[in-house]
Structures are given as C-alpha cells and as structure tokens.
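Visitor:
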Amino acid sequence: MKRLAAPDRKVCVACGVCMKACPKNAISIYKGCYALVEEATCVGCGLCAKVCPAGCIVIHERSEAK
Amino acid sequence: MKQKHWYDYLWIWTILFFALGFFNILFAWLGMNDFLVPLVIAIVGGNKAFCNRYCGRGQLFAVCGKCSLKKQAPTWIAAKWFRYGFLVFFLSMFGNMIFQTYLVAAGAANLKEAIKLLWMFRVPWGWTYTAGTVADWIAQFSFGFYSLMLTSTMIGFIVNFLFKPRTWCSFCPMGTMTQILCKIKAKGVHDHV
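Residue numbers (our numbering), protein chains in the order written: chain A, 1 to 66; chain B, 1 to 193.
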C-alpha cells in the first residue's frame, strides 16, 4: 500500500459520506468532529476523495503523508 | 457491496414526509424529528450519527446521485464563513417563522394557508388544510415549517445536480450546528480537535 487518504480536519464537515464509500471500512467520524482514517487499513484507493462533497480529502503517497 | 441496514432506507421517509404535506399540512410537524433528533444525538451522544446514518434527506440526495454533474463544489461552500453564515441566516428564518406562529397565536395576524419557497415565492397551499381543524397557530407553524423543509430540499437538489451528490451536507445548517456541538463536547477531552 503506497497511498493513503488524508482528510483535512479543518475543512471536514463530518458528514460521513467517505465512511460509507470506503470499501475497507477504514474511515470513522471521530466524535462527530472530522473523518479519521485508519492508516493500517486504508489502501489509498481514492473512493473517499471522489465522493467527499467538501473536497477535503487528498490522496498522499505514504512517505509524504507522514 | 456493503451490507444494507434498516437505516439505509430512511430516504423513503423523506419522500413520504413531503408527499404527506401535499395532502395534509399538519403532517409537517413530523419534520421536527429531523430537527430534534440530530441535536439530541449530538448533545447526549457527542456524535453525528444522524448525518452519518439516519439523515433521510442526505440519503435521498445520494440516491438521486445519478442526476448529478459530480463536479467539485467551489471551496467556499464548505468554508467556515459560509457554513456559519448560512447557519445564522437559516436560524433567523426559523426564528421569523416562529414569530409568525406567535403572531397568529396572539391574534395579531391571520393564518396564511400558503407556503413560501426560497423565502420569496408564495405558493397557495390551502387544499391541505380545513380551517378550524386545529388552533390557527398549529396550522401556521405547519405551513411555515413545511416551507422551510421544502426550501432547503430545493436548494439541496440544485447543488446536488450542479456539484457532487450530498453537497448540501457540506453547508447543511443542522450538520453545522451538530458539528459545533460535537466539537464543544470533544474539546474538553481532546485538545487536538
């Protein structure tokens, strides 16, 4: 897994659209505040970024995301 | 394909809600669920389970996602100034609706059997109510609340078509309000929120 989804917590509206779209169930909404990606599970497929209505998810190369 | 749950079909409830308002406006009171349940969940549970799982309107927008250009909305639509501004505007309109209800209750204004779309266009809606069925203010609130629900859904469908499905969610006043409540609740425990 070379890529990782990284939601921008400052922009995220916590709507949960990404959570529903994630095929690996790697996303949860942290205490109603923002989307939280479980790094070990995320495969960086980009489906969440595609559906995010706020456009706040970017797909990073794993080395960059750290 | 993810497993479907009962709450994945709540979009049917939203269609039913609007359909009922075409027959009897008093059903508009049922829409209070969409106002109170998210707030209770956010205040008591400290989460946005309503937006995430139970929002029938959000689901309806997703179901209608085929009729969407799927373009990314401009960044200002999810920006704090716009979200908070829209929340203030929406709450003002809600307050105005409550005030109109109060005027009718106090006998200072007559019941208007019409709904107002986009806060501007008055549409006669009298066939959904027989005068005298309930107290005038109860009917007035129904017309006002149904107007608010229909207006927000119309705006939602416009942005749903122009941009990605559920773009409404990025500035939905209820979503903004519940996120603020969740952030306040989470702040005491986690400073990084």
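Using N, Cα and C, we set each Cβ at its ideal position, and we do this for glycine too. None of the values given here were measured: they were computed from a predicted structure.
Give the straight-line distance between the Cα atoms of residue 183 of chain B and residue 49 of chain B, rounded to the nearest whole angstrom.
Guide: Whole-angstrom Cα-Cα distance: 14 Å.
Visitor: Would you mind telling me which residues of chain B sit closer than 9 Å to residue 58 of chain A, beta carbon to beta carbon, in chain order?
Guide: Here the premise fails: no neighbours, minimum Cβ distance about 12 Å.
Visitor: Under 8 Å between beta-carbons, which chain A residues line up against residue 170 of chain B? List them in chain order, please.
Guide: Chain A residues near residue 170 of chain B: 13, 15, 53, 54.
Visitor: DSSP state of residue 7 of chain A, grouped into three classes?
Guide: Correct three-state label for residue 7 of chain A: strand.
Visitor: Report yes or no: do three or more beta-carbon pairs, one from the stretch 107–116 of chain B and one from the stretch 130–147 of chain B, lie closer than 8 Å?
Guide: Verdict: yes, contact present.
Visitor: What first and last residue would you give for the beta strand (DSSP E) that runs through residue 116 of chain B?
Guide: It spans 114–117 - the beta strand (DSSP E) in which residue 116 of chain B sits, taken as one unbroken run.
Visitor: Comparing alpha-carbon positions, which option in B:92, B:17, B:25, B:173 lies nearest residue 51 of chain B?
Guide: Residue 51 of chain B has its Cα closest to that of B:173, out of B:92, B:17, B:25, B:173.
Visitor: Can you tell me whether residue 75 of chain B is buried or exposed? The criterion is at least 16 other CB atoms within 10 Å of its CB, across all chains shown.
Guide: Exposed: under 16 other Cβ atoms inside 10 Å.
Visitor: Which of the three DSSP states, helix, strand or coil, is assigned to residue 171 of chain B?
Guide: Residue state, collapsed to three classes: coil.
Visitor: Can you tell me which of B:168, B:143, B:56 puts its alpha carbon nearest to the alpha carbon of residue 155 of chain B?
Guide: Nearest C-alpha to residue 155 of chain B: B:168.
Visitor: Could you check whether the stretch 37–56 of chain A touches the stretch 16–23 of chain B, counting it as contact only if at least three pairs of C-beta atoms, one from each stretch, sit closer than 8 Å?
Guide: In short, these stretches do not touch, since the Cβ pair count stays below three.
Visitor: Using a beta-carbon distance cut-off of less than 7 Å, what residues from the stretch 27–49 of chain A approach chain B?
Guide: From the stretch 27–49 of chain A, only 29, 31, 32, 33 have a Cβ closer than 7 Å to chain B.
Visitor: Considering only the beta carbon of each residue, do residue 56 of chain B and residue 14 of chain B sit closer than 7 Å?
Guide: Taking 7 Å as the Cβ cut-off, residue 56 of chain B and residue 14 of chain B qualify as a contacting pair.
Visitor: Could you check where the beta strand (DSSP E) with residue 38 of chain B kicks off and where it finishes?
Guide: Where residue 38 of chain B is concerned, there is no enclosing beta strand (DSSP E), although the alpha helix (DSSP H) it sits in stretches over 32–40.
Visitor: Report yes or no: is there a C-beta of chain A within less than 7 Å of the C-beta of residue 101 of chain B?
Guide: Not an interface residue.
Visitor: For a quick check, are the C-beta atoms of residue 34 of chain A and residue 21 of chain A less than 7 Å apart?
Guide: Taking 7 Å as the Cβ cut-off, residue 34 of chain A and residue 21 of chain A do not qualify as a contacting pair.
Visitor: Could you give the DSSP three-state label for residue 66 of chain A: helix, strand or coil?
Guide: Below a pLDDT of 50, predicted positions are generally treated as unreliable, and residue 66 of chain A, at 49, falls in that range; the measurement from the model is reported next regardless. Reduced to three states, the DSSP call for residue 66 of chain A is coil.
Visitor: Is the CB of residue 153 of chain B under 7 Å away from at least one CB in chain A?
Guide: Closer than 7 Å: no.
Visitor: For chain A, is any of its Cβ atoms less than 7 Å away from the one on residue 160 of chain B?
Guide: Chain A, which has no Cβ nearer than 7 Å to the Cβ of residue 160 of chain B, makes this no.
Visitor: Under a three-way DSSP split, which group does residue 68 of chain B fall into?
Guide: The answer is coil: DSSP assigns residue 68 of chain B none of H, G, I, E or B.
Visitor: Quick check: the Cα distance between residue 33 of chain B and residue 63 of chain A, rounded to an integer number of angstroms?
Guide: Whole-angstrom Cα-Cα distance: 46 Å.
Visitor: Against residue 175 of chain B, what residues of chain A qualify as contacts under a CB-to-CB distance less than 8 Å, listed in chain order?
Guide: Chain A residues near residue 175 of chain B: 13, 14, 15.
Visitor: Indicate whether residue 17 of chain A and residue 58 of chain A have their beta-carbon atoms separated by less than 7 Å.
Guide: Contact: no.
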